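Undergrad:
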Amino acid sequence: MNHEEIRGEDNISSVKQFVLLGFSDLPNLQGFLSGVFSIICIIILLGNILIIILTSLDLALQKPMYFFLANFSSLEICYVSVTLPRILVRIWTQKRSISLLNCATQMCFFLILGVTERFLLAVMAYDRYVAICNPLHYPLVVNPKNCIHLAASSWLGGIPFQIGQMCQIFCLHFCNSIQIDHFFCDIPLIIKVACGDTSGHELSVYAVATLFAVVPFMLTLGSYSKIISTILRLPTATGRDKAFSTCSSHFLVVVLFYGSASITDLRPKSNHSAGTDRLLSFLYHRDSHVQSNDIQS
């Protein structure tokens, strides 16, 4: 092993933290951004806490649909806790460094919550499918025990895979630039600052992402295909309107979520810019707050 290789390994082992650039390219807007993010954080927390309280205390809301809505609101509170507080602290203190352990922890929770969100949307679509397509079997199929099992599966199903993926990513060697042009730790950007050949890791990431994106999407799509087909066969316009009103908010949620995800993930790489990536990523991951309010209405 020559002297240069030894120095290279020393450089790799010395990497203890990343630098999240976030919105450092907008120095004149730090105060404005701080106010905006603070308001967003407060609205999301208070709104979803209110939903959880109402669905817990109001006997009229003791139904499977609102049970899943309470789970969705809990998910939103977790989402906010993973991202927004750290963004605010960095804006207030101008300290942009994050340790490898904190970065890995943030990314792991973010990935797990992302999987939970997709499966909860699929479960809520299944709930509406049974209510509209098999209303007589609804009390039997969507009973409290099954609701708990479906919710628990949504929360826990992706944990082993995402922990394994996180460990795989942070076993990479990091060197050269440790600056991440984002406001939180995300897999593509972490891989980007890694040394050596990362093609195998990228393939693994795409495989896991495809699994946990395609499966819940196909389940949701299948449910809504049946729902729409059933609604269109109803004999009266009043019946169709009533049936559609029970799932229209959730359907809008699904369109917003997967529509924004498609724009974020499938647009040509040649058109990417750091600022646009940050904005789209923020809007994509905060769409779900709007979604939870839409579902409630």
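Start counting the sequence shown at 776; every next residue gets the next number (my numbering).
Don't be surprised by glycine CBs; every beta carbon is placed ideally from N, CA and C.
These numbers come from a predicted model, not from an experiment.
Can you find the residues in the same chain that come closer than 8 Å, C-beta to C-beta, to residue 780, ignoring five residues on each side of it along the sequence?
TA: Low per-residue confidence applies at residue 780: pLDDT is 40, beneath 50, and the placement is therefore not dependable, though the value from the model is reported in the following sentence. Around residue 780: no qualifying Cβ.
Undergrad: Which residues bound the alpha helix (DSSP H) around residue 1019?
TA: 1012-1020
Undergrad: Quick one: give me the first and last residue of the beta strand (DSSP E) that residue 793 is part of.
TA: DSSP places residue 793 inside the beta strand (DSSP E), whose first and last residues are 792-795.
Undergrad: Starting from the C-beta of residue 827, find all residues in its chain whose C-beta is less than 6 Å away, skip the five residues before and the five after it, and write them out in chain order.
TA: 845 and 848.
Undergrad: Can you confirm whether the segment 900-916 touches the segment 989-1000 when touching is taken to mean that 3 or more C-beta pairs between the two stretches lie within less than 8 Å?
TA: yes
Undergrad: Give the straight-line distance between the Cα atoms of residue 793 and residue 880, rounded to the nearest whole angstrom.
TA: 13 Å
Undergrad: Identify, in the order they occur along the chain, each residue of the same chain with its Cβ nearer than 6 Å to the Cβ of residue 965, setting aside the five sequence neighbours on each side.
TA: 944
Undergrad: Taking the beta carbon of residue 833 as the centre, do at least 16 other beta carbons fall within 10 Å, making it buried, or is it exposed?
TA: exposed
Undergrad: Contact between the segment 933-947 and the segment 975-992: three or more CB pairs below 8 Å?
TA: yes
Undergrad: Can you give the Cα-Cα distance for residue 892 and residue 850, rounded to whole angstroms?
TA: 7 Å
Undergrad: Confirm, please, whether the CB-CB distance from residue 894 to residue 991 is below 8 Å.
TA: yes
Undergrad: Where does residue 873 sit, in a helix, a strand or coil, going by DSSP?
TA: strand
Undergrad: For residue 934, I'd like the list of residues in its chain whose CB is within less than 6 Å of its CB, leaving aside the five on either flank, ordered along the chain.
TA: 887
Undergrad: With DSSP collapsed to three states, give me the class of residue 818.
TA: helix
Undergrad: Taking the alpha-carbon positions, what's the residue 1031 to residue 1022 distance?
TA: 14 Å
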